[in-house]
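Counting from 1 along the first sequence, just add 705 to a position and that's the residue number in this note's numbering.
Beta carbons: idealized from backbone N, C-alpha and C, even for Gly.
What follows is one structure encoded as structure tokens, with my remarks underneath.
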Amino acid sequence: MTEIPSRYNPQETEDKWYKFWTENNLFSAKADPAKKPFCIVIPPPNVTGILHMGHALNNTIQDILIRYHRMLGESSLWMPGTDHAGIATQNVVEKDIAKQNLKRQDLGREKFLERVWQWRDQYGSTIINQLKKLGASCDWPRLRFTMDEDYSRAVKEAFVELWNDGLIYQSDYIINWCPRCQTALADEEAPHHDVEGKLYYIRYPLKDKILNPKSEIRNKSKIQNSKSKNYIVVATTRPETMLGDTAVAVNPKDKRFKNLIGETVILPLMNREIKIIADQLVDPKFGTGLVKVTPAHDPNDYEMGLRHKLQFINILHPNGVLNENAGEYSGMDRFEAREAILEDLTERKLIEKIDDYAHAVGHCYRCHTVIEPYLSKQWFVKMKPLAKEAIEAVKKGKIKFYPKRWTKVYLNWMENIRDWCISRQIWWGHRIPVWYCQDCKNIIASVDTPKTCSKCNSINLKQDEDVLDTWFSSWLWPFATFYWPNKDEKVKKELEYFYPTNTLVTAQEIIFFWVARMIMAGLYFRKDIPFRDVYIHGTVRDIEGKKMSKSLGNVIDPLDIIKEYGCDALRFSLVSLTSTGQDVFLSKEKFEKGRNFANKIWNASRFILLNLKEENTSQDLCVVFEKENLNLADRWILSNFYQMLADLDKALANYRFNESVNLIYEFFWRKFCDWYLEIAKLNINDKNTQIILYKILEKSLRILHPFMPFLTEEVWQKLPNVKESISISSWPHIQKQIIDRKVNSQMQILMDIITCVRNIRSNVKIPVNEFINIQIQTTNKAKAALINENKEIIKTLAQVKEIIFIKDKKEKQKGISSVVSKDLSLNIPLEGIVDTQKEEQRIKSQIEELRAMIIDKESRLKNKAFLAKAPEEVVEAEKERVAEIKEKIGKCKEILRAFN
RNA sequence: GGGCGGUUAGCUCAAUUGGUUAGAGCGUCGCGUUCACAUCGCGAAGGUCACAGGUUCGAAUCCUGUAUCGCCCACCA
706 MTEIPSRYNP
716 QETEDKWYKF
726 WTENNLFSAK
736 ADPAKKPFCI
746 VIPPPNVTGI
756 LHMGHALNNT
766 IQDILIRYHR
776 MLGESSLWMP
786 GTDHAGIATQ
796 NVVEKDIAKQ
806 NLKRQDLGRE
816 KFLERVWQWR
826 DQYGSTIINQ
836 LKKLGASCDW
846 PRLRFTMDED
856 YSRAVKEAFV
866 ELWNDGLIYQ
876 SDYIINWCPR
886 CQTALADEEA
896 PHHDVEGKLY
906 YIRYPLKDKI
916 LNPKSEIRNK
926 SKIQNSKSKN
936 YIVVATTRPE
946 TMLGDTAVAV
956 NPKDKRFKNL
966 IGETVILPLM
976 NREIKIIADQ
986 LVDPKFGTGL
996 VKVTPAHDPN
1006 DYEMGLRHKL
1016 QFINILHPNG
1026 VLNENAGEYS
1036 GMDRFEAREA
1046 ILEDLTERKL
1056 IEKIDDYAHA
1066 VGHCYRCHTV
1076 IEPYLSKQWF
1086 VKMKPLAKEA
1096 IEAVKKGKIK
1106 FYPKRWTKVY
1116 LNWMENIRDW
1126 CISRQIWWGH
1136 RIPVWYCQDC
1146 KNIIASVDTP
1156 KTCSKCNSIN
1166 LKQDEDVLDT
1176 WFSSWLWPFA
1186 TFYWPNKDEK
1196 VKKELEYFYP
1206 TNTLVTAQEI
1216 IFFWVARMIM
1226 AGLYFRKDIP
1236 FRDVYIHGTV
1246 RDIEGKKMSK
1256 SLGNVIDPLD
1266 IIKEYGCDAL
1276 RFSLVSLTST
1286 GQDVFLSKEK
1296 FEKGRNFANK
1306 IWNASRFILL
1316 NLKEENTSQD
1326 LCVVFEKENL
1336 NLADRWILSN
1346 FYQMLADLDK
1356 ALANYRFNES
1366 VNLIYEFFWR
1376 KFCDWYLEIA
1386 KLNINDKNTQ
1396 IILYKILEKS
1406 LRILHPFMPF
1416 LTEEVWQKLP
1426 NVKESISISS
1436 WPHIQKQIID
1446 RKVNSQMQIL
1456 MDIITCVRNI
1466 RSNVKIPVNE
1476 FINIQIQTTN
1486 KAKAALINEN
1496 KEIIKTLAQV
1506 KEIIFIKDKK
1516 EKQKGISSVV
1526 SKDLSLNIPL
1536 EGIVDTQKEE
1546 QRIKSQIEEL
1556 RAMIIDKESR
1566 LKNKAFLAKA
1576 PEEVVEAEKE
1586 RVAEIKEKIG
1596 KCKEILRAFN
């Protein structure tokens, strides 16, 4: 055997094996009718992306599933790709050119896009290379990009199909506008965050009141019944929007203001006359019950504006600077204007009061700038018709969420869905495939660039300037990555083979953006669901529960962890921390568990390989199991392996990854290493021992492989008789006939004796290297025989010189005794003075514990209802237990007496 | 304003459909370098399962309420 270092060194193995896998095309999957398909499409990371812990968790889970199914013999395809990420990427490149004091407008559309493509060519593969470091077994030659030519065609096809079906329309509407990115955003892209703001109460003078102080308004208005008041008060959080006010509204049922309806107020600062209108949208309980109406800058006000045919005054430039409609404030930034306006209002004594007010404000999900509701012409997708089937598919269970609770979140969103604003005023993205005839105003939506107007044959056509929302391309991902709608037979067959895909693995943040929309797109364009299962994992957070982010400086970089602990350690630890859907709280130390386990596997392998004779490695385990006389430990470890395997398959089928990892850990470390390997040392050259050591190791490596791919390949390649990569080896089959419960209880007897002896030794401080005699007293002949057969195990593992069976108390030598079970006790003869205090204490507390149990159980057994209603097995078990405990207590007392 | 999740050992988390004595890792304490592994081994200590009711023969687990932390959604200015 060649030298094997005593520490596992991930740095030396990882890149080597990754190269080996890809060079041999081991991750490539074909549409093979003889095999079952298994397919996952990767949530395409942004081309601007850098691998963070969220990616690490997300992709580790996918890789586990993919590798597992590959080993199950399925045609297991992991479709890789990246997303052009319109706004995010454009922002990055804009920042880049800003270093040269350039704006994108300085370059012009074409030149700017060239720069973006250059940037992509240079940095776009960063995240892909990082995924490779993670061990991701994607079918890399299939790598897709949402701006690829074929993919772009799919996007246009999708647009035109929806347009032809009347599901896309263009409209003036209040949308979320990011003044920094200078684009419209979808509702999902403008999440609300609480902001500590102010609620400003502003006085608007009443025109009539000024002209006619005797007006009846004075006395009927409750909150403004002061004689001197010739104004009304409105409340707002955004005072600068008052410049665009074209009405004030009250609730028609609000008695206080009944007589105000129809009156005119003078809009301060602008000196515009605006009417007081009645609209049910107004909540009488909020603020003063009087609402300023700014139809161009608030969604509610917009609706009121339509209803009451108000004027729509846009006061903002796209960059958030006030425009010519803002009077003397034009040219100021919106927040600057707010201050100026407040100052002027204060000066004119028009501020009634200012309250602190925490409220939720929309923020741009890309740059976190406060968004403005903004009236503009945009493109929308009608969502209700698409949502209908998407709701059905989930309700009928065609698509299942894991964990289940996300179903409700999904349905709730779907059922309240609103139309989707898909146009973006940026340059990087899929340009909207719509042309406007400059002559007859005809609108043409077309996949290919039209040459003439379909109505008037004019050649004077102009394409829409906007691009599509990035998510308008990603919602096609599960089928556009298979070159949909390409009609070529070969290409179509692939799509038909792998679609619907099996599992989508993603984080909760993206359910609305992506998951929900993919379901709609799949059902609409493909008439079939895009995937069957959706596994939602938790969010990775730091140890304080905060989301990891660069700005918080609490990031743990997965690549650093890979360097320091190894990729397998990273994967193992991450997965062992994710119980279904719970957020993962990380700290660096948590990766030690994975590193230590990797080292344990390494060393157990090292031990076996150093002791293995090659001729013993080609035996079939099942044949050996049936033909040979296996000893107890052999049968025990085999039974445990297959029991664990059965549990593991079940856990994986239910996406219980942490349970999977724990099962393997428990088996390999706590059973195989702690017990079996130690026992195997007794007869390491025995043929059966050799075969079992080899087989358990070899099978353990296989089941470990999806979780820890590099280490397992490295060890696997050191096994004799191994030719191919472990990544394409087959997953072990369950052998039910080998699972044997009786073997477990027999082995437990030995383990209990050994633990008991070790315990006493520790308590009375018998030196580890001192071999002692033990006396065993048992009435159970089977147990005695079992112990006798396996006495070497006890001797070695408990440092015992001789095991002496005794029949009664008289034979017992002076020493320390202990009760192992009701019919078995042991005694360690001790000469001279030893410190027995601790041991005595141990027995005493043991008795106390047992007594407490008896009290509990006896009261239960006295309960008639329990006897009548509990299942018979439970009652019987309790009775047996009581008898057993009683016997044990008796023995313990006996021992205690011997101390005195 | 709705919805969801958490609250279990000093710390971080498990506990599948209610059923023996609620588990693990880290940390703590004691012993140990006998050659697979000190990234280790052996032994031990440590829990009124947030709180209060209820259902049940039986509850960490089911129901109701409370407290507390966190997340998501929502056009109340």
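| task | Have a look at proline 1138 and leucine 1047 and give me their C-alpha separation to the nearest angstrom. | result | In the first sequence, counting from the first residue as 1, residue 1138 sits at position 433. In the first sequence, counting from the first residue as 1, residue 1047 sits at position 342. Spanning the two alpha carbons is a distance of roughly 45 angstroms.
| request: Measure the alpha-carbon distance for tyrosine 1188 versus asparagine 763 and round it to whole angstroms. | output: If you number the first sequence from 1, residue 1188 lands on position 483. If you number the first sequence from 1, residue 763 lands on position 58. Going by the C-alpha atoms only, they are around 25 angstroms apart.
| task | Could you tell me whether the segment 1206-1226 touches the segment 1093-1110, where touching means 3 or more Cβ pairs closer than 8 angstroms? | result | yes
| query | Taking DSSP as the reference, what is the three-state secondary structure of glutamate 1403? | reply | Position 698 of the first sequence, counted from the first residue, corresponds to residue 1403. Looking at glutamate 1403 - three-state DSSP - the assignment turns out to be helix.
| said: I'd like to know if the segment 1069-1080 and the segment 878-898 are in contact, where contact means that at least 3 CB-CB pairs between them fall below 8 angstroms. | reply: yes
| Residue span of the beta strand (DSSP E) that contains valine 1462, given as start and end | Taking the first sequence and counting its residues from 1, one reaches residue 1462 at position 757. Run containing valine 1462: none in the beta strand (DSSP E); it sits in the alpha helix (DSSP H), 1446-1468.
| Between the Cα of glutamate 1609 and the Cα atoms of Ala1489, Ala761, Leu1021, which residue gives the shortest distance? | There is no way to answer for residue 1609, as the model of the chain reaches only from 706 to 1605.
| Distance between serine 1151 and cysteine 1616 (C-alpha atoms, nearest Å) | Residue 1616 lies beyond the residue range present for the chain, which begins at 706 and ends at 1605; the question has no answer from this structure.
| field | lysine 1569 versus valine 1579: straight-line alpha-carbon distance, rounded | value | As a position in the first sequence, residue 1569 is number 864, starting the count at 1. As a position in the first sequence, residue 1579 is number 874, starting the count at 1. Computed Cα separation, rounded: 14 angstroms.
| query | Which residues mark the beginning and the end of the beta strand (DSSP E) in which glutamine 1083 is found? | reply | Position 378 of the first sequence holds residue 1083. Looking at the DSSP string, the run of the beta strand (DSSP E) that includes glutamine 1083 is 1077-1086.
| If you run the structure through DSSP and keep just helix, strand and coil, what is arginine 712? | Working through the first sequence from its first residue, we reach residue 712 at position 7. Looking at arginine 712 - three-state DSSP - the assignment turns out to be coil, as it is neither helix nor strand.
| query | Three or more C-beta pairs closer than 8 angstroms, one from the segment 1409-1429 and one from the segment 718-726: is that the case here? | reply | yes
| message | How far does the alpha helix (DSSP H) with threonine 765 in it extend, from its first residue to its last? | response | Translated into the one-based positions of the first sequence, residue 765 becomes position 60. Segment 758-776, the alpha helix (DSSP H) holding threonine 765.
| query | If you count every other CB in all the chains shown that lies within 10 Å of the CB of glutamate 1494, and 16 or more means buried, which is it? | reply | Residue 1494 sits at position 789 when you count from the first residue of the first sequence. Classification for glutamate 1494: exposed.
| said: Please tell me whether proline 1190 and proline 1235 are closer than 7 angstroms, where the distance is taken between their beta carbons. | reply: Counting from one through the first sequence, the residue named residue 1190 turns up at place 485. Counting from one through the first sequence, the residue named residue 1235 turns up at place 530. Not a contact, by the Cβ cut-off of 7 angstroms.
| field | Closest Cα partner of leucine 1424 within the set Leu904, Cys883, Gln875, Ile1313 | value | Counting from one through the first sequence, the residue named residue 1424 turns up at place 719. Here the closest residue by C-alpha is Ile1313.
| Which first and last residues belong to the alpha helix (DSSP H) in which alanine 895 is found? | Counting from one through the first sequence, the residue named residue 895 turns up at place 190. Run containing alanine 895: none; DSSP gives neither H nor E here.
| said: Quick test of your reading: glycine 829 and tyrosine 723, contact by CB under 8 angstroms. State the CB separation rounded to the nearest angstrom. | reply: Here residue 829 is taken as the residue at index 124 of the first sequence, counted from 1. Here residue 723 is taken as the residue at index 18 of the first sequence, counted from 1. Rounded, the Cβ-Cβ distance is 20 angstroms, inconsistent with contact.
| request: Measure the alpha-carbon distance for alanine 1573 versus asparagine 1485 and round it to whole angstroms. | output: Looking up residue 1573 in the first sequence gives position 868. Looking up residue 1485 in the first sequence gives position 780. So the alpha carbons of these two residues sit roughly 33 angstroms apart.
| Presumed contact (8 angstroms Cβ cut-off) between asparagine 1345 and lysine 1376, rounded CB distance | Stepping through the first sequence from its first residue, residue 1345 is reached at position 640. Stepping through the first sequence from its first residue, residue 1376 is reached at position 671. Yes, they are in contact, since the Cβ atoms of asparagine 1345 and lysine 1376 sit about 5 angstroms apart, within 8 angstroms.
| Under the three-state reduction of DSSP, which class applies to arginine 1071: helix, strand or coil? | Along the first sequence, read from residue 1 onward, the residue named residue 1071 stands at position 366. Correct three-state label for arginine 1071: coil.
| request: To the nearest angstrom, report how far apart isoleucine 1306 and valine 1239 are at their CA atoms. | output: Locating residue 1306 in the first sequence gives position 601, where the first residue counts as 1. Locating residue 1239 in the first sequence gives position 534, where the first residue counts as 1. Between isoleucine 1306 and valine 1239, the C-alpha separation is close to 33 angstroms.
| Whole-angstrom distance between arginine 1039 and proline 884, CA atom to CA atom | As a first step, residue 884 is located in the first sequence; it is residue number 179 there, counting from the start. As a first step, residue 1039 is located in the first sequence; it is residue number 334 there, counting from the start. If you take the alpha carbons of proline 884 and arginine 1039, they lie about 10 angstroms apart.
| So what does isoleucine 745 bridge to, in DSSP terms? | Mapped onto the first sequence, residue 745 falls at position 40. Answer by DSSP bridge pairing, in chain order: Trp783.
| query | Which whole runs of the beta strand (DSSP E) in the segment 1507-1569 are 3 residues long or more, in chain order? | reply | 1520-1526, 1529-1534
| said: Taking the alpha carbon of proline 1414 as the reference point, which residue from Asn1121, Trp1341, Lys1400, Ile1431 has its own alpha carbon closest? | reply: Residue mapping note: residue 1414 aligns to position 709 of the first sequence, counting from 1. Looking at the Cα atoms, Ile1431 is the closest of the given residues.
| task | State the start and end residues of the unbroken beta strand (DSSP E) segment that holds lysine 1167. | result | For the purposes of this step, residue 1167 is taken as the residue at position 462 of the first sequence. Counting along the chain, the beta strand (DSSP E) containing lysine 1167 begins and ends at 1166-1168.
| query | Relative to the C-alpha of leucine 948, which residue among Leu986, Asp870, Tyr1034 is closest? | reply | Working through the first sequence from its first residue, we reach residue 948 at position 243. When only C-alpha atoms are compared, the closest one is Tyr1034.
| Counting along the chain, where does the beta strand (DSSP E) carrying tyrosine 1240 start and finish? | Taking the first sequence and counting its residues from 1, one reaches residue 1240 at position 535. Note, tyrosine 1240: beta strand (DSSP E), 1236-1242.
| query | To the nearest angstrom, how far is it from the Cα of alanine 891 to the Cα of isoleucine 880? | reply | Taking the first residue of the first sequence as 1, we reach residue 891 at position 186. Taking the first residue of the first sequence as 1, we reach residue 880 at position 175. Distance between the alpha carbons of alanine 891 and isoleucine 880: 7 angstroms.
| In three-state DSSP terms, what is arginine 1129? | Here residue 1129 is taken as the residue at index 424 of the first sequence, counted from 1. Three-state result, arginine 1129: strand.
| Top-ranked residue by Cα proximity to serine 1292, from Ala1303, Leu1264, Arg1246 | One-based indexing of the first sequence puts residue 1292 at position 587. Minimum Cα distance to serine 1292 is reached at Arg1246.
| request: Rank Ala863, His1002, Ala1274 by C-alpha distance to the C-alpha of valine 1086 and give the top, closest one. | output: Residue mapping note: residue 1086 aligns to position 381 of the first sequence, counting from 1. When each option's Cα is compared against that of valine 1086, the closest is Ala863.
| request: Could you please give the first and the last residue of the uninterrupted alpha helix (DSSP H) stretch that includes phenylalanine 1203? | output: Reading the first sequence from its first residue, position 498 is the one you call residue 1203. Run containing phenylalanine 1203: 1194-1203, per the alpha helix (DSSP H) assignment.
| For valine 1245, which three-state DSSP category applies? | If you number the first sequence from 1, residue 1245 lands on position 540. Note: valine 1245 maps to strand in three-state DSSP.
| task | Tell me, to the nearest whole angstrom, how far the beta carbon of valine 1525 is from that of isoleucine 1590; I am working on the premise that it is less than 8 angstroms. | result | Along the first sequence, read from residue 1 onward, the residue named residue 1525 stands at position 820. Along the first sequence, read from residue 1 onward, the residue named residue 1590 stands at position 885. Contact doesn't hold; Cβ gap of about 14 angstroms is too wide.
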